[in-house]
Amino acid sequence: MVEIKNLTKQYGQITAVNNISFTANKNEILGFLGPNGAGKSTTMNMIVGYLPPTSGQILIDGMSMNENPKEVKKKIGYLPELPPLYLDMKVIEYLKFVAGIKEVPKSEREHQVARALSRLKITDMRKRVIKNLSKGYRQRVGFAQALIGDPQVLILDEPTVGLDPNQTMEVRNLINMLRKDHTIIFSSHILQEVSAVCDRIVIIDKGQIKAVDTKENLTGAAEGDIVYILKVEGECKSVEAVLKKISGIKNIMEVNYVDEKTSEFKIELEAEDVRKEIISEMLENDMSIIEIKKMTMSLEDVFASYTRGRSYSGLATEEIDDDKK
Amino acid sequence: MFALFKKEVQSYFYSPLAYVISALFVLIYSLSFITWITSLEKLNLQFSFAAIFYDQFFYFIFLIPMLTMKTFAEERRANTEVLLMSTPLNVFKIVMGKFLAIGLVFFMIMALTFLYPLITTMYGEVRWGSLICGYLGFFLWGMGCVAVGMLVSSFTENQIIAAIFGEAAMLLLFFMDGFSQIQWMQNKPVLSSLLSAVSPKVRFEGFATGVFRLSDMVFYILFITVFLAWTMISVEKRRWNRG
Chain A
0 MVEIKNLTKQ YGQITAVNNI SFTANKNEIL GFLGPNGAGK STTMNMIVGY
50 LPPTSGQILI DGMSMNENPK EVKKKIGYLP ELPPLYLDMK VIEYLKFVAG
100 IKEVPKSERE HQVARALSRL KITDMRKRVI KNLSKGYRQR VGFAQALIGD
150 PQVLILDEPT VGLDPNQTME VRNLINMLRK DHTIIFSSHI LQEVSAVCDR
200 IVIIDKGQIK AVDTKENLTG AAEGDIVYIL KVEGECKSVE AVLKKISGIK
250 NIMEVNYVDE KTSEFKIELE AEDVRKEIIS EMLENDMSII EIKKMTMSLE
300 DVFASYTRGR SYSGLATEEI DDDKK
Chain B
0 MFALFKKEVQ SYFYSPLAYV ISALFVLIYS LSFITWITSL EKLNLQFSFA
50 AIFYDQFFYF IFLIPMLTMK TFAEERRANT EVLLMSTPLN VFKIVMGKFL
100 AIGLVFFMIM ALTFLYPLIT TMYGEVRWGS LICGYLGFFL WGMGCVAVGM
150 LVSSFTENQI IAAIFGEAAM LLLFFMDGFS QIQWMQNKPV LSSLLSAVSP
200 KVRFEGFATG VFRLSDMVFY ILFITVFLAW TMISVEKRRW NRG
């Protein structure tokens, strides 16, 4: 439904989006996940035809924005990061205006406006002037605007920012309800949100795509790794020195200082058996284990590992190296 | 496009803006009218309504940037430009929709002053031909100023800046004619005649004295077209340069 091919956007010297490609299939919810400034909004602005791309192609339902902007734009509903509202207008006037500029046939306008109002639960607010509404309601009016014209593709840029937890849930439910007959691309920097509603996830960072896959595969790929959290009574340095001797440990991912006598490690093992070796080695060195538990990778870890680079070795290592010198 | 046109016209009446501008406009007209008719006997000349426009021209066009300042600046600041651009409207329709809307508002404001000729017919004689001609000329000149004001508004996202630079542009247009008359310019006949040829004020003289020339009308229409086209380019260009 939405095909993005080698899309690049440059602002002068800065490359905001660098050669990205991905596809959103029909009636699929695609999560667009990335830290602030990753290029999410820029990409979305290009998909809806507001920003012209420096190079690359965007196809909506097989049609290109360059060749047939009018038809393509009719297929898209867009909720930008900042809802595009005319504050002086009443909610109903605003939605009718949007129906007008989206060229919704006159006979359908009433119906579509009423449906958008009821879907966002703002029917009671329809006679209020937008500037007197709270942020949550304004966001919903913006969302209602995106639904007008019955577009097949919905592009939602951080739709839940600024909403309270209840409203966030409502928006998520709404997205779930719309999934039947819409292709939805929605961006967020909140992981639970993306993992709660999306079929597939695109992880973007610094203008580049780091991963595109289903949530299960993304976490699954990481689950192939055997990661343990080990809490030991002993100084960081000395424990790490012991751990480094064990050949079965692939990687020390994190070192946490708990207090003077206790330290916590996040370690990746080559096989489950290595666990026994660790335990015996610890006992030999008179370090008692407080806790050892297996980690299940959350989407958060996946996200962190994709956006920050895969392995992480703690500060303690460097200190040891210094001591050797 | 009609939806945008309607919304733009309404937007002037949500705030007191349109009312304040009409009030000022009528005030200028009325004061001028009063001074003219009270001094008629002394001057012993024929009074024409169009002469009011010609005489107080400067005050009238000073009001126009206040109508145009928000057109694009406000749209950009409130982030509603995205909405317009991501709907089937294209830049041509957006600019035209806004232009026609301001045109209607300007027409309504101007029509308020028509009250004076109407009252005058009850007690005296009005030469309708020359009157209509004067109003037509003033409307065309006004719309030219609107096009210029819209262009200025498309350069910035700050309404105040748009208003100030709009006024500056009005000043330039107004003094173009006078500037072509100064001594220094008289020594450069080509430059001087060129400047007075493109000066919209000179073109208004015909209309104001009740002389309708097609060339004057064509001049204004061209003037408006050029500035509207420039506005469209400016809006489109900003989309490319954004960021």
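So the sequence lines, in the order shown, correspond to chains A and B.
Mind the numbering: the first sequence is residues 0 to 324 in numbering that gives the first Met the number 0, read in order.
Mind the numbering: the second sequence is residues 0 to 242 in numbering that gives the first Met the number 0, read in order.
Backbone N, C-alpha and C fix where the C-beta goes; we use that ideal spot for every residue, glycine too.
Since A/P79 meets chain B, which of its residues come closer than 9 Å, beta carbon to beta carbon?
The count along the first sequence starts at 1 and reaches residue 79 of chain A at position 80. Within chain B, the residues near A/P79 are N78, V81, L82 and S85.
Pull up the distance between the alpha-carbon of B/M0 and that of B/I33, whole angstroms please.
For the purposes of this step, residue 0 of chain B is taken as the residue at position 1 of the second sequence. For the purposes of this step, residue 33 of chain B is taken as the residue at position 34 of the second sequence. Distance between the alpha carbons of B/M0 and B/I33: 42 Å.
May I ask you to list the residues that DSSP assigns as paired with A/S262?
The residue labelled residue 262 of chain A in the question sits at position 263 within the first sequence. Paired residue(s): A/V231 and A/Y256.
Within 8 Å of any Cβ in chain A, is that where the Cβ of B/F1 sits?
Translated into the one-based positions of the second sequence, residue 1 of chain B becomes position 2. By this cut-off, B/F1 is an interface position.
Contact set for B/A162: own chain, Cβ-Cβ below 8 Å, skip 5 residues either direction
As a working note, residue 162 of chain B is residue 163 in the second sequence. These residues qualify, in order along the chain: P64, M65 and M68.
Got a sec? Which residues, its chain only, sit under 8 Å from A/L50 by beta carbon, not counting five neighbours each side?
The residue given as residue 50 of chain A occupies position 51 in the first sequence. Counting only residues of its own chain and dropping the five nearest sequence neighbours on each side, A/L50 has a CB closer than 8 Å to the CB of K8, T41 and N44.
A/P164 to A/D149, Cα distance in whole Å?
Stepping through the first sequence from its first residue, residue 164 of chain A is reached at position 165. Stepping through the first sequence from its first residue, residue 149 of chain A is reached at position 150. Going by C-alpha positions, A/P164 is about 27 Å away from A/D149.
Do the region 59-75 of chain A and the region 123-131 of chain A meet, that is, are 3 or more Cβ pairs less than 8 Å apart?
No: fewer than three Cβ pairs fall under 8 Å.
According to the neighbour-count rule (16 or more other Cβ atoms, all chains shown, within 10 Å of its Cβ), is A/G36 buried or exposed?
In the first sequence, the residue the question calls residue 36 of chain A occupies position 37. An exposed status is given to A/G36, since fewer than 16 other beta-carbon atoms sit within 10 Å of its beta-carbon.
Determine the contact status of B/T112 and B/V25, defining contact as a CB-CB distance below 8 Å.
Looking up residue 112 of chain B in the second sequence gives position 113. Looking up residue 25 of chain B in the second sequence gives position 26. When the beta-carbon positions are compared, B/T112 and B/V25 come within less than 8 Å of each other.
Please name the residues in the region 142-159 of chain A whose beta-carbon is closer than 9 Å to at least one beta-carbon of chain B, in chain order.
Listed in sequence order: Q144, G148 and I154.
Burial state of B/W183, where buried means 16 or more other Cβ atoms lie within 10 Å
Position 184 of the second sequence, counted from the start, is the residue given in the question as residue 183 of chain B. Exposed is the label assigned to B/W183, since fewer than 16 other Cβ atoms lie within 10 Å of its Cβ.
Secondary structure of B/S233, DSSP reduced to three states:
For the purposes of this step, residue 233 of chain B is identified with residue 234 of the second sequence, where counting begins at 1. Here B/S233 sits in helix by DSSP.
Short of 7 Å Cβ to Cβ, which residues in the region 107-127 of chain A face chain E?
No chain E appears in the structure shown, which is made up of the protein chains A and B.
Just the Cα atoms here: how many angstroms apart are A/G48 and A/K214?
Here residue 48 of chain A refers to the residue found at position 49 of the first sequence. Here residue 214 of chain A refers to the residue found at position 215 of the first sequence. Approximately 29 Å between the Cα atoms of the pair.
Does the separation of the CB atoms of A/N17 and A/Q151 fall below 8 Å?
Position 18 of the first sequence, counted from the start, is the residue given in the question as residue 17 of chain A. Position 152 of the first sequence, counted from the start, is the residue given in the question as residue 151 of chain A. In terms of Cβ geometry, A/N17 and A/Q151 do not form a close pair [threshold 8 Å].
Any heavy atom of the ligand MN inside 7 Å of the beta-carbon of B/S47?
Absence of the ligand MN from the depicted structure is noted, as is the absence of any ligand whatsoever, leaving it without description.
Residue nearest to A/T159 in terms of C-alpha spacing, selected from A/H181, A/D180, A/L190 and A/V226
Locating residue 159 of chain A in the first sequence gives position 160, counting from the first residue. Answer by Cα proximity: A/L190.
Around the C-beta of B/G177, are 16 or more other C-beta atoms found within 10 angstroms, so that it is buried, or is it exposed?
By one-based count along the second sequence, residue 177 of chain B stands at place 178. Answer is exposed; the Cβ neighbour count stays below 16.
Please compile the residues from chain A whose C-beta is within a distance smaller than 7 Å of the C-beta of B/L99.
Within the second sequence, numbered from 1, the residue matching residue 99 of chain B stands at position 100. None at all; the shortest Cβ gap to chain A is about 15 Å.
Show which residues of chain A have a CB atom less than 9 Å away from the CB atom of B/Y18.
Position 19 of the second sequence, counted from the first residue, corresponds to residue 18 of chain B. The contacting residues do not exist; B/Y18 stays about 14 Å from chain A at best.
Return the CA-CA distance between A/G33 and B/R237, expressed in angstroms with no decimal places.
Here residue 33 of chain A refers to the residue found at position 34 when the first sequence is read from its first residue. Here residue 237 of chain B refers to the residue found at position 238 when the second sequence is read from its first residue. About 27 Å.
So which residues of chain B does A/M47 contact, with C-beta pairs closer than 9 Å?
Counting from one through the first sequence, the residue named residue 47 of chain A turns up at place 48. Before going further, note that residue 47 of chain A is Val rather than Met in the sequence given. A/V47 reaches chain B at V81, M84 and S85, counting residues in chain order whose Cβ is nearer than 9 Å.
Here's a check: name, in chain order, each residue in its chain whose Cβ is nearer than 7 Å to the Cβ of B/P116, leaving out the five neighbours to either side.
Here residue 116 of chain B corresponds to residue number 117 of the second sequence, with the count starting at 1. Closer than 7 Å at the Cβ level, and outside the excluded window around B/P116, lie F48, V125 and L130.
Among B/L227, B/S191 and B/V90, whose alpha-carbon lies nearest the alpha-carbon of B/E235?
Here the question's residue 235 of chain B lines up with position 236 in the second sequence. Selected option, being the one with the closest Cα: B/V90.
List the residues that DSSP assigns as beta-bridge partners of A/I225.
The residue labelled residue 225 of chain A in the question sits at position 226 within the first sequence. As computed with DSSP, A/I225 is found in a beta bridge with A/L268.
Inspect the CB distances between the region 226-243 of chain A and the region 269-287 of chain A and report whether three or more fall short of 8 Å.
Flag = yes, the region 226-243 of chain A and the region 269-287 of chain A touch.
Give the DSSP bridge partners of A/V211, in chain order.
Looking up residue 211 of chain A in the first sequence gives position 212. A/V211 is bridged to A/V201.
By the 7 Å beta-carbon criterion, what residues does the region 3-16 of chain B contribute toward chain A?
Under the 7 Å Cβ criterion, the region 3-16 of chain B contributes L3, K6, S10, Y13 and S14.
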